[in-house]
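Sequence positions in the sequence shown follow this note's numbering and run 99 to 381. We put the CB at the ideal spot given by N, CA and C, even for glycine. Heads up, the thing below is written out as structure tokens.
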Amino acid sequence: MSRISPIITASELKASLDLPNIVILDARVGKDVNANYLEKHIKGARFIDLDKDLAEIIGEDAAFGGRHPLPDTGRFAKTLSDLGVSEDSHIIIYDDKNGANAAARAWWMLRSFGIDKVQVLNGGIQAAEKEELEFSSGEENFEKVELMTGNEWLLPVSSLESVENELVNNSSTVIDVRDAYRYKGESEPIDLVAGHIPGAINIPFSENLDEKGNFLTPDILKEKYSKLLQDKSQNLIIHCGSGVTACHTILALDYAGFHIPNLYVGSWSEWSRREGKEIAKDI
99 MSRISPIITA
109 SELKASLDLP
119 NIVILDARVG
129 KDVNANYLEK
139 HIKGARFIDL
149 DKDLAEIIGE
159 DAAFGGRHPL
169 PDTGRFAKTL
179 SDLGVSEDSH
189 IIIYDDKNGA
199 NAAARAWWML
209 RSFGIDKVQV
219 LNGGIQAAEK
229 EELEFSSGEE
239 NFEKVELMTG
249 NEWLLPVSSL
259 ESVENELVNN
269 SSTVIDVRDA
279 YRYKGESEPI
289 DLVAGHIPGA
299 INIPFSENLD
309 EKGNFLTPDI
319 LKEKYSKLLQ
329 DKSQNLIIHC
339 GSGVTACHTI
349 LALDYAGFHI
359 PNLYVGSWSE
369 WSRREGKEIA
379 KDI
């Protein structure tokens, strides 16, 4: 089977709507996301919630797992069954930001659950509007499917302890994809402490995008990361604030033809809260 691109354009989506097994997921985030979905979404799209479906619900302490830890695979299987997603589904995910952060997290989880045909809509819902795809409102009618089985996430993940060990041994390159001002410790709008993991390098996820907010082409991404990483592309750990935006860069690397690197799910939200962990603010 030929490799499917992790990115799909709005025009390609428009031409694919009548293909069998197509499932569109709306992964938009923000205030009143469910109400926004009910008001307007791509026709046939089913809503998937970042906080409730794509992450484990946590208590007040994110020191163990971060703000968006992965849900139990059994619970995620139930979510997919309820959404009508099967192993044979061809899934296309969009959100309302050109960065496609929540959509990228959904892409990573679906791929990690063993589903091969998963794509993110380049440019999000705005691109669909520009392409004049059909939209609808209210709930969508679809049938639940048989529960898939899976006991573990198939794509590589790293724990806080493994990140620490890799940095001590200088055996992996740890990439922090947050904005530069957060990495430098100038300010921190979400987590409790500003700064970064000592030894991590900063390549903001926004550098995966062109001036219009769409993903750079695979060739440009390949050239960019080849220059930045040189001979270090085989041992990468990607992190962000809580394991969501990191998936954007993992998606970009896969789009460029690199192997899928490790995701540090807990990311800065876990590291910065864990007692005794060093905080760096050097550049």
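Check                                                                                                                                                               : Outcome
Tell me whether the beta-carbon of Ile-223 lies closer than 7 Å to the beta-carbon of Tyr-192.                                                                      : yes
Buried or exposed: where does Tyr-279 fall if 16 or more other Cβ atoms within 10 Å of its Cβ makes it buried?                                                      : exposed
Can you give the Cα-Cα distance for Glu-220 and Ile-301, rounded to whole angstroms?                                                                                : The residue you asked about is not Glu; residue 220 is Asn in the sequence shown. Rounded to the nearest angstrom, the two C-alpha atoms are 20 Å apart.
At the level of alpha carbons, what is the spacing between Val-216 and Leu-252?                                                                                     : 15 Å
Report the three-state DSSP secondary structure of Arg-101 (helix, strand or coil).                                                                                 : coil
Considering only their Cβ atoms, is the gap separating Pro-287 from Ala-47 smaller than 7 Å?                                                                        : The structure shown does not extend to residue 47, since the chain spans only 99 to 381, so no value can be given for it.
Go through its chain and collect everything with a Cβ distance to Ala-350's Cβ below 7 Å, but skip five positions before and after it.                              : Asn-306, Phe-313 and Leu-319
Once you ignore the five residues that flank Val-342 on each side, which residues in its own chain have a CB closer than 6 Å to its CB?                             : His-166, Asn-199 and Arg-203
What separation, rounded to the nearest whole angstrom, lies between the Cα atoms of Ile-140 and Val-272?                                                           : 37 Å
If we call anything under 7 Å between Cβ atoms a contact, is Val-121 one with Val-183?                                                                              : yes
Relative to the alpha-carbon of Glu-227, which residue among Lys-138, Ala-201 and Leu-115 has its alpha-carbon at the smallest distance?                            : Lys-138
I'd like the span of the alpha helix (DSSP H) that includes Ile-318, first residue to last.                                                                         : 316 to 327
Out of Glu-185, Asp-159, Ala-133 and Ser-210, which one is the CA nearest neighbour of Pro-359?                                                                     : Ser-210
Using 8 Å for Cβ pairs, my map puts Glu-388 next to Ile-213. What's the rounded Cβ distance?                                                                        : As displayed, the chain neither begins before 99 nor continues past 381, which places residue 388 out of reach and without an answer.
Return the Cβ separation of Leu-258 and Gly-142 in integer angstroms, given the expectation that the two are a contact with Cβ distance under 8 Å.                  : The pair is not a contact, with the Cβ atoms about 40 Å apart (cut-off 8 Å).
How is the alpha helix (DSSP H) around Leu-111 delimited, first residue to last?                                                                                    : 108 to 114
So, using beta-carbon positions, are Ile-105 and Tyr-353 closer together than 7 Å?                                                                                  : yes
Tell me Phe-233's beta-bridge partners as DSSP assigns them.                                                                                                        : Ile-140
Check for me: the alpha helix (DSSP H) holding Asn-199 runs from which residue to which?                                                                            : 199 to 210
Within this structure, are the beta carbons of Leu-245 and Ala-175 separated by less than 7 Å?                                                                      : yes
Mark Ile-102 as exposed unless 16 or more other C-beta atoms lie within 10 angstroms of its C-beta, in which case mark it buried.                                   : exposed
Taking buried to mean at least 16 other C-beta atoms within 10 Å of its own C-beta, is His-346 buried or exposed?                                                   : buried
Please list the terminal residues of the continuous beta strand (DSSP E) segment that includes Gln-332.                                                             : That residue, Gln-332, is in no beta strand (DSSP E); it is neither H nor E in DSSP.
Check the DSSP bridge columns for Ala-378 and list the partner residues they point to.                                                                              : His-294
Could you give the DSSP three-state label for Ile-288: helix, strand or coil?                                                                                       : coil
Ordered along the chain, which non-local residues of its own chain (more than five positions away) have a Cβ less than 7 Å from that of Lys-112?                    : Glu-229 and Leu-231
Output needed for Leu-148: all residues of its chain with C-beta closer than 6 Å, excluding positions within five of it in sequence on either side, in chain order. : Val-127 and Ala-200
DSSP puts Asp-274 in a beta bridge; with which residues?                                                                                                            : Asn-300 and His-337
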